[in-house]
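Each remark here refers to the structure printed beneath this line.
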Amino acid sequence: MPKGYWVSVYRTVSDPEKLAAYNKLASPAVRAAGGRPLILGGRVVAHDAGIAERTVLVEFDSFEQAVAARESAAYQEALAVLADGVERDFRIVEGID
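Each residue of the sequence shown is one higher than the last, beginning at 364 in this note's numbering.
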């Protein structure tokens, strides 16, 4: 069964305090839903039309698990705290088997 992944690229962080509050809630919510963070920021080298932005990658055992984690009450609480504190591109993608 293919794994599921959250891929999140932060274009701007307008409120670092909201991001910090989000991280405190999101991390346990993601782990409780079976997510395993693989990338949490760190160095980025961008090529072609890419932009070197903060990137987060979280692995789940399945695509369905990744979708359910995003919809969970605990993660929705984290999103409410984040609100307009960042602009990001968030995607849930299916890996290859």
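Glycine included, every Cβ here is placed at the ideal spot set by N, Cα and C.
Tell me whether residue i is buried or exposed, calling it buried when 16 or more other Cβ atoms sit within 10 Å of its Cβ.
i	result
residue 433	buried
residue 398	buried
residue 353	Residue 353 lies beyond the range of the chain shown here (364 to 460); nothing can be said about it.
residue 419	buried
From the DSSP output, which residues share a beta bridge with residue i?
i	result
residue 385	Bridge partners of residue 385: none, in fact.
residue 438	BP columns for residue 438 are empty, so no partner.
residue 371	419 and 453
residue 376	449
Hey, residue i and residue j: beta-carbon distance below 8 Å or not?
i	j	result
residue 382	residue 440	no
residue 444	residue 396	no
residue 393	residue 454	no
residue 447	residue 372	no
residue 498	residue 377	Residue 498 falls outside the range modelled here, since the chain spans only 364 to 460, and no answer is possible.
Would you mind giving the Cβ-Cβ distance between residue i and residue j, rounded to the nearest angstrom? I have them listed as a contact below 8 Å.
i	j	result
residue 430	residue 400	That pair is no contact at about 17 Å.
| said: In chain order, what are the residue ranges of uninterrupted beta strand (DSSP E) at least 3 long that sit wholly in the region 399-425? | reply: The qualifying runs are 399-403 and 417-423.
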